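Residue numbers (our numbering): 716 to 859.
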């Protein structure tokens, strides 16, 4: 079976803070933000690439659901071009986002790459990676 990752949904405590991080620090374009702020849709999203979005579920959507737990996601990884990776690394440092690990070599979907690990404002572990052998410039909107 061949498939595409459609979306990742993150349960968030502070949606405004998370939107600032994902749209300003990571520079991902927002989706439905105006409609969300106007109360017309239940959550906002950010676009990772043409096929994938990250939904930011505010606490009112998940806090009262039985069995809902935070912290079950280990991490999520985005692959970008080397130039995007370098620019992101600089932006993270400018915004005083701690690089927890890296740069380190890691194996992934496209072989061996170079990664850094950092957390969003609510503690979700994120990995940014580039592959020397692969050009991701057009596939990921990170830093666009």
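We treat Cβ as the ideally placed atom computed from N, Cα and C, and that holds for glycine. Predicted model only: the values in this text are computed from it and were never measured.
Residue range of the unbroken alpha helix (DSSP H) whose run includes residue i
| i | result |
| --- | --- |
| residue 748 | 748 to 752 |
| residue 743 | Careful: residue 743 lies outside any alpha helix (DSSP H) and carries neither H nor E. |
| residue 778 | Per DSSP, residue 778 belongs to no alpha helix (DSSP H) and is neither H nor E. |
| residue 735 | 730 to 735 |
| residue 847 | Taken as a continuous stretch (DSSP letters only), residue 847 belongs to no alpha helix (DSSP H), as it is neither H nor E. |
Whole-angstrom C-beta distance between residue j and residue i, which should lie under 8 Å
| i | j | result |
| --- | --- | --- |
| residue 826 | residue 846 | 6 Å |
| residue 763 | residue 769 | 6 Å |
Residue i: first and last residue of the uninterrupted beta strand (DSSP E) it sits in
| i | result |
| --- | --- |
| residue 722 | 722 to 726 |
| residue 802 | Segment 797 to 809 is the alpha helix (DSSP H) holding residue 802; no beta strand (DSSP E) there. |
| residue 820 | 814 to 823 |
| residue 765 | Taken as a continuous stretch (DSSP letters only), residue 765 belongs to no beta strand (DSSP E), as it is neither H nor E. |
| residue 791 | 791 to 794 |
| residue 838 | Counting along the chain, residue 838 falls outside any beta strand (DSSP E), and DSSP gives it neither H nor E. |
Given residue i as reference, the closest of the options once Cα atoms are compared
| i | options | result |
| --- | --- | --- |
| residue 767 | 777, 807, 734 and 745 | 745 |
| residue 737 | 803, 828 and 821 | 803 |
| residue 835 | 742, 720 and 718 | 742 |
| residue 812 | 723, 732, 823 and 833 | 833 |
| residue 808 | 819, 765, 756 and 740 | 740 |
| residue 727 | 815, 721, 761 and 771 | 771 |
| residue 761 | 755, 734 and 729 | 734 |
| residue 778 | 725, 806, 759 and 805 | 725 |
| residue 830 | 837, 821 and 838 | 821 |
| residue 848 | 758, 823, 730 and 792 | 823 |
| residue 774 | 790, 814, 838 and 757 | 757 |
| residue 792 | 841, 806, 729 and 722 | 841 |
| residue 828 | 839, 717 and 843 | 843 |
Any non-hydrogen atom of the ligand ATP within 7 Å of residue i CB
| i | result |
| --- | --- |
| residue 723 | Absence of the ligand ATP from the depicted structure is noted, as is the absence of any ligand whatsoever, leaving it without description. |
Any 3 or more C-beta pairs closer than 8 Å across the region 747 to 762 and the region 791 to 798: No, they do not touch.
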